[in-house]
Each structure stands twice: as structure tokens, then as C-alpha cells.
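For reference, the structure discussed in these notes is given below.
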Amino acid sequence: MNISGMRVLVAGAGGMLGRAIVARLAARGAADVIALKREECDLREQREVREMLARIRPQVVINCAGTGGGILVNTRRPAEFFYDNLLIGTLLLHESWRAGVGNYMAFICGCCYPDKAPSPLREETLWDGYPQVTSAPYAVAKKVAAVQSEAYRRQYGFHSVVLLLGNLYGPGESFDLTESHVIPAFIRRFHEAVRDNLDEVVLWGSGAPVRDFIFVEDAAEAAVIAMEKYDGPEIINISSGDGIAVRELAALIAELSGYLGRLVWDSSRPDGQAQKVYDVTRMERLLGYRPRVSLREGITKTIEWFRDNYAGASERG
Ligand SMILES: NC(=O)c1ccc[n+]([C@@H]2O[C@H](COP(=O)([O-])OP(=O)(O)OC[C@H]3O[C@@H](n4cnc5c(N)ncnc54)[C@H](OP(=O)(O)O)[C@@H]3O)[C@@H](O)[C@H]2O)c1
């Protein structure tokens, strides 16, 4: 499929991934892209979703909408995360099928993997156990979209694809300290330490866990390639496949932020899983894709974006 000639609806276009996908589509020459924001349609409301699709009549729908965040906010808002993601995912896919949309794409996340899944995380192990308990309400709601996608493909022949994204980071992310993921949280902490002349920053955990990150522009490119090249029921991990210890990550962000003080690890805080790296062989085989942006380059761009947008970014909910 050549996406540049299609009428493409990107839902959740105000978010980090949605914005990057809209930009990627523009770079590909797609002329008819509708960047749907929350204020134009509450995707938890079936009537609104149905009317919006009838009005826009997209040929392709890419669903980047959802509610989520880091550990803290998952602990505080599990019911909201379950309800919102379940409804957004279920309604948009169902109504897209009903409206005659040709191709649909949804995203799930690394926390959908079972708590005890061995690393590197292989797609075949996705259904082998319950997700980590803190983020399970969010993760299970997301996984429902994968079951739904496969069911609609099987019964109706609906061209729906699900990609499983690793830890995204990049411009447009939330830098709110109560809600953010590890990279934006570190960027903000070091930025403020430099600003306030601090000589010590205390970080959660031991710093030993190993994680795998993908720059949002790489994830957006993988999504556009998948839309063009792949139409199948297999869920595909989209990530770098490279692990980095949180301690090294912190040192890298400190260096790129110009922070010269000490890093103190508060080991009384939980670490989570020791290692969480994605197996990306399916991504390479089915999409012929490898991410291009190194962690150093991606974090540099993210820091620049954070500095340019500091007030707005740090206040985003
Ligand atoms: N970030 C990650 O590390 C990561 C990893 C794996 C998978 N994912 C998945 O990738 C997708 C995009 O992630 P992201 O990081 O781009 O998220 P994000 O920045 O939080 O963006 C989500 C977007 O969804 C919109 N939205 C939320 N509730 C809505 C509703 N009821 N109706 C309409 N729009 C609504 C938000 O609107 P507002 O801007 O108005 O709030 C926001 O624009 C999500 O499905 C997420 O689960 C993310």
C-alpha cells in the first residue's frame, strides 16, 4: 500500500507518538492526513467516534490515543487507565471496521508482557502470564486491543495491525515528575540540578536494571513502514533491541545536561525487573527495519526540545 495517496486519520495526534507519525507522514508526501486531537472527539464516547468517522471518512486509521505514564501515576490512577484505554481501543477499532476503513493500526506496550517474561522479550511469550501488577490495569486494557484486532481480522477480514512499542522517548513527551517515564524524569532532574547549582541528585533504585529505548521518530518511521508493508495478525516488537543499565543512562543524561555533581542511588526504592530488552528479529524480518537514531543523539534532541519547551512540557498532565 502507498500511504501517501490515502486519507489517513491519526488519533491522539496531540501526543508524542501521534505528532511524530503526522510528521513522518508529511515527510513521506502524504497530503491528506487528519491529525485528530482530544478536543475534537472524545474517543471514549461511541456516538462521537461514529460521527467523527462518518464526517472524516478516512481510508486508514492510526490509533495513537491513550492514557498512560510511569510507575507513580499507574499506582495512582489504575481505574482511569483501565477504563480509558479499554474504551478508546475497543471503540475506535470497532467503529473503524463499521465505517469501512481499509487499514487500521494500534499500539500496545512493553508492560503488556508477563511480569516474569524472560529477556529478550519475544512476541511468542506475550500471553504466558499476568503483567506486572502495578501497570496491569493499563496493560490488560491494551492487550484487549490485540485480541480484538485478531478477532476482527479472522471474522471480518479487517486489515488491523498491532505493534508493540518498547520504551519511547523524545520531543513531545510529558516531563511532569509525577507522571513521566525514566528518560524525561532524568532530563528534568539534571536540568533543575544545573539551574539550582546542586552537587547531588538522588535517583530511585540501584541503577542496575537494564532497559531498552527507542526514539519516537524511529518508532514513527517503523509504524509508517509497517502500514505500507505489513498486513498480518502477528504482533511485532518495535524497539532498539539494545539494553542499557539505568545507571549508565543516568550518567549519559547527566553528561549531556552538563550536570557535574554526584549521583546517589536510593536503593530502598524498588528496581522492577532486572532486564527488559526486546527481541527485534520479527521487526527486522517482517519490516526490514532497524532504528537509526542512537541513544546519545536521541537524548540530545530530547534535551533541546525540553529546554525550548520547558514551561509547557513540565506542566503537561
Ligand atoms: N510512551 C511510551 O513509552 C509508549 C510505549 C509503548 C506504547 N505506547 C502507546 O503508544 C500510544 C501513544 O503514546 P504516547 O506516548 O504518544 O502517549 P501520549 O503522549 O500520552 O499521547 C496520547 C494522546 O491520546 C490522547 N487522548 C487521551 N485520551 C483521549 C480521549 N479520551 N479521546 C481522544 N484522545 C485522547 C491525548 O490527548 P491529550 O493530549 O489531550 O491528553 C494524547 O494526545 C499509546 O497507545 C501508548 O499506550 C507508548
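One rule links them: number in the numbering used here = place in the sequence shown (from 1) + 1. Even glycine gets a Cβ: it sits at the ideal position worked out from N, Cα and C.
Residue i versus residue j: straight-line alpha-carbon distance, rounded
i	j	result
G19	W128	27 Å
C65	L264	35 Å
F191	E52	46 Å
A140	R308	31 Å
M228	Q60	12 Å
P234	L73	33 Å
E222	T135	30 Å
V54	R45	In the sequence on display, residue 54 carries Leu and not Val. Rounded to whole angstroms, L54 to R45 spans 14 Å at the Cα level.
L93	D272	35 Å
E320	T68	Nothing can be reported for residue 320: it is not among the residues displayed for the chain, which extend from 2 to 318.
A186	A28	30 Å
S207	W266	6 Å
I184	G103	36 Å
L10	R270	42 Å
V203	T76	21 Å
F176	R189	7 Å
G6	V34	10 Å
E125	R283	11 Å
G262	E201	5 Å
G318	G13	A caution first: G318 carries a pLDDT of 40, below 50, which makes its placement in the model too unreliable to give a value.
M17	D116	26 Å
A100	V50	10 Å
A21	Y170	11 Å
I57	D43	15 Å
Near ligand 1: residue i beta-carbon under 7 Å from a heavy atom
i	result
S182	Per the sequence presented here, residue 182 reads as His, with Ser not at that position. Under cutoff, so the answer is yes.
T68	yes
G299	no
L18	yes
N3	no
N168	yes
K143	yes
G15	yes
I63	no
F108	yes
G6	no
D319	There is simply no residue 319 to check, as the chain begins at 2 and stops at 318 in what is shown.
D85	yes
I226	no
R1	Here the chain has residues from 2 to 318 only, and residue 1 is not among them.
G111	yes
I237	no
I188	no
Nearest-angstrom beta carbon gap, residue j and residue i [assumed within contact, 8 Å]
i	j	result
L288	Y231	6 Å
P132	F82	Wrong, their Cβ atoms sit about 12 Å apart, outside the cutoff.
Answer yes if the region 138-155 comes into contact with the region 291-308, meaning at least three C-beta pairs across the two stretches below 8 Å, and no otherwise.
no
With contact counted as at least three CB pairs below 8 Å, one residue from each stretch, are the region 220-239 and the region 189-196 in contact?
no
Counting pairs of Cβ atoms below 8 Å between the region 108-125 and the region 267-285, do you hit three or more?
yes
Three or more C-beta pairs closer than 8 Å, one from the region 282-299 and one from the region 209-219: is that the case here?
yes
Could you tell me whether the region 170-181 touches the region 242-256, using the rule of 3 or more Cβ pairs below 8 Å?
no
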